[in-house]
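Quick note: the sequence shown uses this note's numbering, first residue 53, plus one each step.
The structure appears right after this line, and notes come after that.
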Amino acid sequence: MHLSISTKNSTLLFINKPYICYAMENDNNFISYLGSKKIDAGKFKGAEPELYQKLEGVFAQTHPDSFTAQKLFLINPIRRKYLLEDQEEIVPSKPKMKFKPKLK
């Protein structure tokens with residue numbers, strides 16, 4: 053069943069299908085999402101392209117939090133197989149302060 057409503061500037065078309073929330077294209081792309089989950093996107097795409105394409109398609113149609121909730125049991129084994137190596141610089145730790153007792 054389709055319902056269309058026309059206004060001056062546009063026509064709205066409502067289709068009787070389940071609601072799908074489309075993710076914004078700003079910073080929520082699949083590669084940055086995989087990076088946030090510590091998954092190397094290049095290794096994952098090269099080794100399992102079918103699974104990568106399938107998950108990328110689902111990710112494009114859902115909110116990242118919803119995707120995580122739905123695919124949590126797939127994400128964890130993928131993370132173990134294609135762990136992203138830390139590329140951040142190692143920050144030197146602060147020297148430990150020694151306790152100095154006060155003598156009276």
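Backbone N, C-alpha and C define an ideal beta-carbon position, used for all residues, glycine too.
What you are looking at is a predicted structure, and each value in this text was computed from that prediction instead of being measured.
Assuming the contact rule is C-beta atoms closer than 8 Å, residue i and residue j should be a hit. Round their C-beta distance to whole Å, please.
i	j	result
Leu135	Lys90	6 Å
Sort out for me which residues DSSP pairs residue i with in a bridge.
i	result
Leu135	Ile91
Taking the alpha-carbon positions, what's the residue i to residue j distance?
i	j	result
Gly94	Ser118	23 Å
Gly87	Glu137	10 Å
Leu124	Arg131	11 Å
His115	Ala99	25 Å
Pro101	Ala121	22 Å
Val110	Tyr104	10 Å
Lys97	Lys148	43 Å
What residue range is occupied by the uninterrupted alpha helix (DSSP H) comprising residue i?
i	result
Leu107	101 to 113
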